[in-house]
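Protein sequence lines, in the order shown, are assigned to chains A and B. Following our numbering, the numbering of the first sequence begins with 1 at its first residue and continues without gaps. Following our numbering, the numbering of the second sequence begins with 1001 at its first residue and continues without gaps. All C-beta atoms, glycine included, are put in the ideal place defined by N, C-alpha and C.
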Amino acid sequence: MRHPARRPAALLAALAAAYVVDAALPSVDFERMGKVGLAGSFAGLDLLVQDAAESPFAGVPLDPSTSTLFSRSLEGGLTRLGSTNQGGAIRAGCALDNTFFFAGTFDSFQGTQAKNIASYSPSTGLFNALGGSGAGVDGPVNALYCDEKNKLVWVGGSFDAPTTGGDYVGAVAVFSPSSNSWSAPAFGGLQGGSGAVWSISANSAASSLYFTGSFLAAFEGNGTQINVNGTGNPSVPISSGATTFSRSLVPIDISGANITAGPSSPREAFSDIFNILCPKGDDGPNNTWLARDGAGAQITVRSFKFMSTHGLRLGQTSVEGRGTNTFWYVIFHFPWHGN
Amino acid sequence: MRYIDPATGEEQTCKEACPLASGSGVPYQDYLYADGPRDVTGVQVTLRGYTGDGPGLHLLQLLSDGAEFMLRTSERH
């Protein structure tokens, strides 16, 4: 409680005197309740007054089986905006420009079909589904983060993907209000554990987002003994080929990318390029990729999304005295077609 | 690209042909873009020079710092 009311009983009495007590308010026998504590995150206490006569909710009682969105005026008065379907809940909300985004578990909001997330525009007074009529995400939402800088709404929860479909890992989706469209985050999403995100928050510079929840995010080293120098990232083993930046750099998951390599060794244990993205063991069979004898080779990684990359990490092989001496490196920065 | 020469510990740059140190004593080498992060849709690594019967690799990863690649998704729209 940020501003604890030291004398709640006296405050309630004062408020009761200031307003005409509505007959619909529950009659509470405060005498018999003894001392009552009110806990939560709030800045004051008020009795809910009846909706104004011009409000569409005038005379409509609050249904406790729904979750209701209120706006608060500068004076502190609450105005009812709308409610979820029965059994629905609102768990998170954030504002971006002149739109308020809220989410939780619901199928509709104040008569507008929307799946677990919706927006409210105070200027029009309208509720909208995100990404198309009746759209949203296919499971509960626990957290929202409105990214002012990039004008994006980050959505976290226990869902697989937006109902509009697409390639998602799960638990995280990004909504762009400007295009009214959904996309997966660059890292795809989060899975493992319960596959749930419970909170999304930014660092003070708003340059990083932190996700909490139940998921597994494993960036393994090369599977050998990982040495930690005390302050570094334990997932990044020491290498004399590391740069001063290496400890803050993490590999991007490109296991979902289109990767071709050739000409490959005809030996099965050395011909799968995917084995070297995150090798499970030491340099050797099934942990190393070899080119065909006596030739150079080319490895091409095609991702169907833009990735912000700082560079490349290569690990040498010394299987049977082989090894790469020099390589050429080309980057692509145009969308691939034909996905 | 910038990299550390494992033999000397000094930073070097390479433009077209980049060297990869031989032997098993270096778990990996990082090659970072000299001008900072780049938005890419893919990369191509051409293994040219080799020792022994042919080239190969034990590890291939693209590097990102978590903060950058998450917040740059607006590039996709």
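Subject >> Gly-341 of chain A - DSSP class collapsed to helix/strand/coil >> reply: The structure shown has nothing for residue 341 of chain A, since chain A only spans 1 to 339.
Original post:
Looking only at C-alpha atoms, which of A:Ser-239, A:Ser-264, A:Ser-208, A:Tyr-329 sits nearest to Ser-1064 of chain B?
Top reply: Considering only alpha carbons, the answer is A:Ser-208.
Subject >> C-alpha distance - Asn-325 of chain A paired with Pro-1019 of chain B, whole-angstrom precision >> reply: If you take the alpha carbons of Asn-325 of chain A and Pro-1019 of chain B, they lie about 6 Å apart.
Subject >> Identity of the residue in A:Tyr-210, A:Ser-27, A:Thr-243, A:Gly-34 nearest Gln-1029 of chain B by Cα >> reply: Comparing Cα-Cα distances from Gln-1029 of chain B to each of A:Tyr-210, A:Ser-27, A:Thr-243, A:Gly-34, the minimum goes to A:Thr-243.
Original post:
Is Glu-1011 of chain B helix, strand or coil by DSSP?
Top reply: Note: Glu-1011 of chain B maps to strand in three-state DSSP.
**OP:** Starting from Phe-327 of chain A, follow the alpha helix (DSSP H) in both directions and report where the run begins and ends.
**Re:** Phe-327 of chain A: not part of any alpha helix (DSSP H); member of the beta strand (DSSP E) spanning 323-332, first to last residue.
Original post:
Can you give the Cα-Cα distance for Pro-285 of chain A and Ser-65 of chain A, rounded to whole angstroms?
Top reply: Roughly 60 Å separates the two Cα atoms.
Subject >> Close beta carbons around Ala-1007 of chain B, own chain, < 8 Å, minus the five adjacent residues each side >> reply: Only Ala-1021 meet the Cβ criterion.
Original post:
Would you say Thr-1051 of chain B faces chain A, with C-beta separation under 8 Å as the test?
Top reply: Closer than 8 Å: yes.
**OP:** Can you grab the Cα-Cα spacing for the pair Trp-154 of chain A / Gly-1023 of chain B, in whole Å?
**Re:** Going by the C-alpha atoms only, they are around 45 Å apart.
**OP:** Use the C-beta contact count for Pro-56 of chain A: other C-beta atoms within 10 angstroms, 16 or more gives buried, fewer gives exposed.
**Re:** Label assigned to Pro-56 of chain A: exposed.
**OP:** From the DSSP output, in three-state form, read off Phe-274 of chain A for me.
**Re:** DSSP, reduced to helix, strand and coil, places Phe-274 of chain A within a helical segment of the structure shown.
Subject >> Among A:Gly-193, A:Asp-138, A:Gly-134, the one whose alpha carbon lies nearest that of Asn-180 of chain A >> reply: Minimum Cα-Cα distance from Asn-180 of chain A among the listed residues A:Gly-193, A:Asp-138, A:Gly-134 corresponds to A:Gly-134.
**OP:** Determine, using beta carbons only, whether Asp-253 of chain A and Gly-188 of chain A come nearer to each other than 8 Å.
**Re:** Their beta carbons are under 8 Å apart, which means Asp-253 of chain A touches Gly-188 of chain A by this criterion.
Original post:
How would you call Lys-149 of chain A, buried or exposed, if buried means at least 16 neighbouring beta carbons within 10 angstroms?
Top reply: Looking at its Cβ environment, which holds fewer than 16 other Cβ atoms inside 10 Å, Lys-149 of chain A is exposed.
Subject >> Residue-level contact to chain A via CB, Glu-1010 of chain B, 8 Å cutoff >> reply: Answer no: the Cβ-Cβ gap between Glu-1010 of chain B and chain A never drops below 8 Å.
Original post:
Going straight from the alpha carbon of Asp-1035 of chain B to that of Ser-71 of chain A, what length do you get?
Top reply: Their backbone Cα atoms lie some 47 Å apart in a straight line.
Original post:
Just the Cα atoms here: how many angstroms apart are Ala-344 of chain A and Gly-170 of chain A?
Top reply: Residue 344 of chain A cannot be examined here, being either before or after the span of chain A that is shown, 1 to 339.
Original post:
CB Leu-1059 of chain B to CB Leu-314 of chain A, shorter than 8 Å?
Top reply: Their beta carbons are under 8 Å apart, which means Leu-1059 of chain B touches Leu-314 of chain A by this criterion.
Original post:
Can you give the Cα-Cα distance for Ser-318 of chain A and Asp-283 of chain A, rounded to whole angstroms?
Top reply: C-alpha of Ser-318 of chain A to C-alpha of Asp-283 of chain A: approximately 7 Å in a straight line.
Original post:
Between which two residues does the alpha helix (DSSP H) carrying Phe-346 of chain A extend?
Top reply: As shown, chain A starts at 1 and ends at 339. That puts residue 346 of chain A outside it, with no answer to give.
**OP:** Could you list the residues in the segment 1034-1059 of chain B with a C-beta less than 8 Å from some C-beta on chain A, going in chain order?
**Re:** Residues passing the 8 Å Cβ filter: Gly-1036, Pro-1037, Arg-1038, Asp-1039, Val-1040, Thr-1041, Gly-1042, Val-1043, Gln-1044, Val-1045, Thr-1046, Leu-1047, Arg-1048, Gly-1049, Tyr-1050, Thr-1051, Gly-1052, Asp-1053, Gly-1054, Pro-1055, Gly-1056, Leu-1057, His-1058, Leu-1059.
Original post:
Among the residues of its own chain, which have a CB less than 7 Å from the CB of Arg-302 of chain A, if the five just before and after it don't count?
Top reply: Excluding residues up to 5 positions away in sequence, Ala-257, Asn-258, Trp-336 lie with their Cβ nearer than 7 Å to the Cβ of Arg-302 of chain A in the same chain.
Subject >> At least three beta-carbon pairs within less than 8 Å, the segment 273-283 of chain A to the segment 1032-1049 of chain B >> reply: The segment 273-283 of chain A, when compared against the segment 1032-1049 of chain B, does not touch it at the 8 Å Cβ threshold.
Original post:
Looking at chain B, which residues of the segment 197-208 of chain A have a Cβ within less than 7 Å of any of its Cβ atoms?
Top reply: Listed by position along the chain: Ser-207, Ser-208.
**OP:** Reducing DSSP to helix, strand and coil, say where Val-137 of chain A ends up.
**Re:** Correct three-state label for Val-137 of chain A: strand.
**OP:** Could you check the C-alpha separation between Asp-138 of chain A and Tyr-1050 of chain B for me, to the nearest Å?
**Re:** Going from the Cα of Asp-138 of chain A to the Cα of Tyr-1050 of chain B covers about 51 Å.
Subject >> Within 7 Å of chain B by C-beta, residues of the segment 279-291 of chain A in sequence order >> reply: So the close ones are Pro-279, Asp-283, Asn-287, Thr-288, Trp-289, Leu-290, Ala-291.
Subject >> CA nearest to the CA of Ala-114 of chain A, picked from A:Ser-121, A:Pro-122, A:Gly-125, A:Gly-132 >> reply: When A:Ser-121, A:Pro-122, A:Gly-125, A:Gly-132 are compared, the shortest CA-CA separation from Ala-114 of chain A is found for A:Gly-132.
**OP:** Using a threshold of 8 Å, state whether the C-beta atoms of Ser-67 of chain A and Thr-84 of chain A are closer than that.
**Re:** Yes, these two residues count as a Cβ contact at 8 Å.
Original post:
Using the C-alpha atoms, what's the distance from Tyr-145 of chain A back to Ser-204 of chain A?
Top reply: So the alpha carbons of these two residues sit roughly 14 Å apart.
Subject >> Where Val-250 of chain A falls: helix, strand or coil (DSSP) >> reply: In the structure shown, Val-250 of chain A sits in a strand (DSSP, three-state: E or B).
Subject >> Sheet register partners of Val-172 of chain A (DSSP bridge) >> reply: Note: Val-172 of chain A sits in a beta bridge opposite A:Gly-156.
Original post:
Nearest to Thr-99 of chain A by alpha carbon, out of A:Gly-323, A:Phe-215, A:Ser-176?
Top reply: Nearest to Thr-99 of chain A by alpha-carbon distance, out of A:Gly-323, A:Phe-215, A:Ser-176, is A:Ser-176.
**OP:** Answer with yes or no whether the minimum CB distance from Gly-315 of chain A to chain B is below 8 Å.
**Re:** Interface annotation, Gly-315 of chain A: in contact with chain B, CB-CB separation under 8 Å.
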